[in-house]
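Residue numbers (my numbering): 632 to 1014.
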């Protein structure tokens, strides 16, 4: 990249969206030239640097997240939203997928920046997700013309309570590959050297790979430290993920996956409902959940659970004979909600499906989050 040797002053907001935190920037604050734009954005976050000490990034994949927002380019949406997963240690921003937690903050940003007609007590915000060209619909609580943050809705992984934001993901199925089941199969076999792994691949929110924990020699209730410290396991997971990327024609060889598409597909390790201890030290009871999942992205385990991962998990739970479907109790298979046990607690998703010609058609995918504006100001960078 060129050395521009220029100073830039960029208006931005920092918003906690769900269990993630991101930097939100109006599209017209940034130059159109992609190389220059990415140089500025990397500098804002302080990347590449393992501590991101010279920028606003938090040296964690859950806080190294970007939302670029502007007026919609589509008549059926209110705003355009581009998500970027900013690498901490590389000069790279992955625009290949979505982040559902950060998406919840887009509604807050749109309301507070007059990008949508505001109505009280609820403002509906239709978000065109440019990464996948799909529309997400949010219902944002509003008070005195601004997004309301106070409320009694609790999400696991975030202290306290907040105002409930409803996210309708019904339009996102097949947004990346064109189909809920990119391979056409509820289960696939991936060969890695002399081993075979049975898994399900789903495109809903993001592409997610689902595999039973025992196929990797795991219980399914492991902590992030247990997973992230097992280097041989991480190598095996990345190899499987790379082979799936080849199968989906995202890359030409499995080795390229970590470089060309590090953010997605996500990798979810699932198991039957079980008791375990959450990150905050509290017991999570198997009686309160339907499936346990440990999800990895960017080669690390998510400390809670991504919303797009939740969306995919809800969808795969309705696909007959999928890895997840086969782990569920019968009443959950035909119910209207799936409760996912993750390292931080439990996240529920409302999901409905129909089966025309015995093929799964997702009718509804709804997740609720909270979000809070933390900062509005200007960030200064030199590149």
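Glycine is no exception: its CB is placed at the ideal position from the N, C-alpha and C atoms.
By the C-beta criterion, the stretch 942-956 is judged to be in contact with the stretch 833-852, since at least 3 inter-stretch pairs fall below 8 Å.
Residue 702 is bridged by DSSP to 710. The stretch 800-858 is shown to contain whole beta strand (DSSP E) runs of 3 or more residues at 819-823, 826-835 and 837-843, in chain order. Going by DSSP, residue 732 is part of no beta strand (DSSP E) but of the alpha helix (DSSP H) stretching over 731-743. Approximately 5 Å separates the beta-carbon atoms of residue 920 and residue 970; this is inside 8 Å, confirming the contact. In this structure, DSSP gives residue 927 an extended state, which the three-state scheme calls strand. For residue 870, the enclosing alpha helix (DSSP H) begins and ends at 862-878. Going by C-alpha positions, residue 659 is about 29 Å away from residue 752. Taking residue 933 as the centre and dropping the five residues before and after it, the same chain places the C-beta of 926 closer than 6 Å to its C-beta, in chain order. Looking only at 912, 913, 907 and 931, the smallest Cα-Cα distance to residue 923 is reached by 907.
Shown here, residue 670 sits in a helix according to DSSP, grouped into three states. The straight-line gap separating the alpha-carbon atoms of residue 781 and residue 702 is approximately 27 Å. DSSP places residue 944 in the uninterrupted alpha helix (DSSP H) bounded by 938-947. With a 10 Å radius around the Cβ and a threshold of 16 neighbouring Cβ atoms, residue 853 comes out buried.
Pairing residue 769 with residue 950 gives a Cβ-Cβ distance that is not under 8 Å. With contacts defined by Cβ atoms closer than 8 Å, residue 763 and residue 729 form a contacting pair. Note on geometry: alpha-carbon atoms of residue 749 and residue 755 lie some 8 Å from one another. DSSP places residue 716 in the strand class (E or B) of the three-state scheme.
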